[in-house]
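Below you'll find the structure, written out as C-alpha cells, and then a few comments.
Number of protein chains: 2
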Amino acid sequence: MSREICIYQEFLTDAHRAAIRSAADQAGLIPHFFTLDQFEEARECLQHCEVLYAHSVKLLRAAPASLKWYCCSFAGVDPYCKDPSVFANPDCMLTNSNGYGVTIAEHVVMVTLMLLRRMPEYEAVVRDRKWTNQLPIRSIRDNEFTLLGTGNIGSNVAERLRGMGAAKITGLSRSGQAVSGFDAVYPISRLDEILPSAKILIMSLPGTAETVHILDRARIALLPRDAYVINVGRGTAIEQMPLIEALNEGRLAGAALDVMDPEPLPPDHPLWSAKNLILTPHVSGNMTLGYTCDVNVEMFCADLLRYGQGKLPQNLVDRTRGY
Amino acid sequence: MSREICIYQEFLTDAHRAAIRSAADQAGLIPHFFTLDQFEEARECLQHCEVLYAHSVKLLRAAPASLKWYCCSFAGVDPYCKDPSVFANPDCMLTNSNGYGVTIAEHVVMVTLMLLRRMPEYEAVVRDRKWTNQLPIRSIRDNEFTLLGTGNIGSNVAERLRGMGAAKITGLSRSGQAVSGFDAVYPISRLDEILPSAKILIMSLPGTAETVHILDRARIALLPRDAYVINVGRGTAIEQMPLIEALNEGRLAGAALDVMDPEPLPPDHPLWSAKNLILTPHVSGNMTLGYTCDVNVEMFCADLLRYGQGKLPQNLVDRTRGY
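Residue numbers (the working numbering), protein chains in the order written: chain G, 40 to 362; chain H, 40 to 362.
Laid out in C-alpha cells, this is it:
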C-alpha cells in the first residue's frame, strides 16, 4: 500500500508544490494537493493518507484513526489542543508552522509607531478634513519595551526595535531563559513586579490554559497611565472589559489588538469604540506574504524528511501544554 | 556694548537652556529666552541682538539690519530663501536644524508599513464594525526602495529599512554621490529611467526651485501600478492633481503625504478623499520629541561656539540654493 499525504492549502505556488513533492519523494510518500474550494475531494483522499498538511479543524475531524501526523500551516494550534476529540487517533502528532515571525513583527513595529505617534488622533482629525498642531509624541529610539513572549515573534520584534534604537528590551517567558536580542528575560511569575514600569507591553503568547486572562483587571491597573498595550498572540490573554475601561478613562495611553475574544467581534461589542485603540481583524500573521509561505513550506519539508527517517518532527507541539 | 542672542522657542527644557547659556557664555554672548506667547517681548529684545534662534518669519521680519545670524530651529528653510525681503540685513547668515532625521524616519517606516499592509482598507472595515479575510500584503523584508533625497532623513530611513531586511535601497540626489547605507545613489537627472522600476518611492527633498513638481504628471505615469509614493519633504514636490487621479483610478497602489500644497489643505480639496491615501497634517518632524529637540539644541550650541571663534557655522544654508 502506498503511503500518502493530503495537502489542503491556499497560497501555494508551483515552487512550493515542487519542494513538497521532492521532500515527499525522499520520504517515500505521495502528495495530493487540494485548494480550499476542494474540501470534499480532500476529505475523500484523506481517508487513505497518513499525513495531513492543512489548517482546518473540520477536515481534521474527518480524518481516519490511521492519520499519524497533522501539520498545521498556522502557528496558533489552540483549537487542536483544547479539544482532543478533533483527533480520531489520540497519538496523532501535531506540528505547527512558525513562518509568521517576520510579518507579525512588522505589524508590531507599525502599530507601535502608530500608537507612539498618536495616529488614531491624527486620523480622526484628517477624517474631519481638519488641521491640527503637533501633538506630543514618543519614539522607538531611546524607548523601553516589555515583551510578554520571547518566541519567534518576540525575537523578531526585539531585533527590529533594536535596529531602530530601542534603549531597553525586557522579555518575559515561562522559563525566563535568556534569549538573544533581549537585555534581560524574566519568568512570567515576576510579571506583577515588572508591569508598573512597563512603557510599551507587547504580548505574543500562545493560547493555553495558563495564558487565559494573564493580563487581567488587577494587572491592567498595575500599568502606568502612559503605557501602551499591543497583543498579537491570542485575544483570550487580555481581560477585555477592564482594558476598555482603562482606555476610555485615560488610565492607559492606548492599545493595539490584532486578536480579540471572540473573533469576529460582534457589531455591538464595546471594543469597537474604545479610545485610542487600534483594532485589526486578526491579520498580523498573513500567509499571503510570499516570505511567510516560503518559511512555512520549508518547515513542513524539513519535517517531512525527518518523518521519512523515522525521526520526531522539529516543530512538534506538546498537545497537553498547548504549544 | 554687550553682544546678545534672542531665543524665541517652544519645547526648551531647563537642560536645553543651560546648554545654550554655557555655549553663549563661551562665545561671549548673552542669551535672552522667550516662549511663543511672548512675541512682543521677544521683538523688543531682538532690536539689540545680533543672533536670533527661532522659527518665525514674522519675528525675523521685525529684526534690525544689525542681525548677523538667524538660526532656524526647523529643517525646511524655504520660507527664508524664496523671499529675500524677510532679512533686513541681506548678508545675514541663515542656519537650519536637522535633528528631525530620526523622527521623520520613524514616520516613514510607519506609513510604509501601513501602505504595504493595507491599513487604509482594514481601518475602513473596522470603522464599519465589520470583519474581513486577509488581504494580500507586502513586507519591508526582501523589498526594494527608491529614496528621492539622501540627506539626513533619507539616510535615517535607509538605516531602518535595512535593519528590517530590505533587499535593495536606491538613492537619488542632486550630486548622485555615494552615501553609506544605500546600495547605489544616482543623480536626479536619471529619475525618468529609475521610476518605472520603483516599488516604494520615498521623497524627502528640500523646497527649492528645482524640486517644485519634480514628480509631475509625466513621471507619475512612469511609476508601476503597484508602486507606493511617500512624501515627507515639501508638498510642492508633487503635482497633486495627477497623483489624485492615479490613486483614484488604481494606477498607483497608494500614497502617504505628510506635506501638501497648500497647508493647511482647504476643506474642499480632492486630496482628502483620494483612494488609498494616508494624509497627516505635517507632523512627521516633531519638535515635541525630546531627542529631536536635544539634537537641534546641540547643533545650535556647536555653531554658537564656532560663531564665537569667528568661524562659519556648520549648518549654514546657501540662501540662493535653498538648502
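Every residue, glycine too, gets a C-beta built ideally from N, C-alpha and C. Predicted, not measured: the structure shown is a model, and the values here were computed from it.
Under 7 Å by beta carbon: chain G residues contacting Thr52(H): The contacting residues do not exist; Thr52(H) stays about 13 Å from chain G at best.
Gly193(G) to Gly293(G) span [Cα, whole Å]: Gly193(G) and Gly293(G) have their C-alpha atoms some 20 Å from each other.
Under 7 Å from the C-beta of Asn325(G): neighbouring residues of chain H: The answer, in chain order, is Gln173 and Ile176.
Rounded distance between the beta-carbons of Ala102(G) and Ala127(G), thought under 8 Å: That pair is a contact at about 6 Å.
Identity of the residue in Gly204(H), Arg42(H), Thr250(H) and Ala206(H) nearest Leu106(H) by Cα: Here the closest residue by C-alpha is Arg42(H).
Ile259(G) classed as buried or exposed, judged by whether at least 16 other C-beta atoms fall within 10 angstroms: Buried: at least 16 other Cβ atoms inside 10 Å.
Element boundaries [alpha helix (DSSP H), containing Cys340(G)]: Unbroken alpha helix (DSSP H) run through Cys340(G): Gly329 to Gly347.
Residues near Leu286(G) by beta carbon distance below 8 Å, same chain, minus five either side: Closer than 8 Å at the Cβ level, and outside the excluded window around Leu286(G), lie Gly293, Ala294, Ala313, Lys314, Asn315 and Leu316.
Pair within 8 Å by beta-carbon distance, Leu187(H) and Leu240(H): Going by C-beta atoms, Leu187(H) is nearer than 8 Å to Leu240(H).
Minimum C-alpha distance to Thr209(H) - residue among Glu183(H), Glu198(H) and Gly202(H): Distances from the alpha-carbon of Thr209(H) to those of Glu183(H), Glu198(H) and Gly202(H) put Glu183(H) closest.
Below-8 Å beta-carbon distance, Gly274(H) vs any chain G residue: By this cut-off, Gly274(H) is not an interface position.
Residues that Tyr330(G) contacts on chain H, provided the C-beta gap is smaller than 8 Å: Against Tyr330(G), the close residues of chain H are Ser178, Arg180 and Asp181, in the order they occur along the chain (beta-carbon pairs closer than 8 Å).
8 Å Cβ shell around Asp265(G) - same chain, five flanking residues per side excluded: Excluding sequence neighbours, Asp265(G) sits near Lys238 and Ala292.
Stretch pair the region 63-79 of chain H + the region 351-361 of chain H: three plus CB contacts closer than 8 Å: Three or more beta-carbon pairs separated by less than 8 Å are not found between the region 63-79 of chain H and the region 351-361 of chain H, which leaves the two stretches without contact.
Short Cβ contact (8 Å threshold) for Gly324(G) with Thr142(G): Pairing Gly324(G) with Thr142(G) gives a Cβ-Cβ distance under 8 Å.
Start-end ranges of the alpha helix (DSSP H) lying completely within the region 153-195 of chain G, minimum 4 residues: Listed in chain order, they are 158-166.
Cβ of Thr142(H) within 8 Å of any chain G Cβ: Output row for Thr142(H): interface = yes.
Within 9 Å of chain G by C-beta, residues of the region 59-91 of chain H in sequence order: Within the region 59-91 of chain H, contact with chain G at the beta-carbon level (separation under 9 Å) is assigned to no residue.
Contacts that Gly202(H) makes with chain G (C-beta to C-beta distance below 9 Å): Near Gly202(H) (Cβ distances below 9 Å), the residues of chain G are Glu198, Arg199, Arg201, Gly202 and Met203.
CB contact flag (Trp170(H), Pro303(G), <8 Å): It is a contact, given that the beta carbons lie within the stated cut-off.
CB contact below 8 Å: Met14(G) versus chain H: Outside the modelled stretch of chain G, which goes from 40 to 362, sits residue 14(G), for which no answer is possible.
Min CB distance Thr319(G) to chain H below 8 Å: Chain H contact via Cβ: present.
Residue burial classification, Asp297(G) (beta-carbon count within 10 angstroms, cutoff 16): Result: buried.
Start and end residues, beta strand (DSSP E) containing Cys131(H): Careful: Cys131(H) lies outside any beta strand (DSSP E) and carries neither H nor E.
Exposed unless 16 or more other CB atoms sit within 10 angstroms - verdict on Ser214(G): Ser214(G) is classed as exposed because its beta carbon has fewer than 16 other beta carbons within 10 Å across all chains shown.
Gly363(G) versus Met203(G), Tyr161(G), Leu200(G) and Ser243(G), residue with shortest Cα-Cα distance: Since the displayed chain G opens at 40 and closes at 362, residue 363(G) lies outside it and no answer follows.
His94(G) versus Ile59(G) - alpha carbon distance: His94(G) and Ile59(G) have their C-alpha atoms some 17 Å from each other.
For Gln48(G) and Val90(G), the rounded distance between their alpha carbons: For Val90(G) and Gln48(G), the distance between alpha carbons rounds to 14 Å.
Beta-ladder partner(s) of Pro315(G), from DSSP: In the sequence under discussion, the amino acid at residue 315(G) is Asn, which differs from the Pro named in the question. Partner(s): none; Asn315(G) has no beta bridge.
Short CB-CB distance (under 8 Å) between Met338(G) and chain H: No, because no Cβ of chain H sits closer than 8 Å to the Cβ of Met338(G).
Supposed contact pair Leu152(H) and Met149(G) - C-beta distance, whole angstroms, cut 8 Å: Correct: roughly 4 Å between the Cβ atoms.
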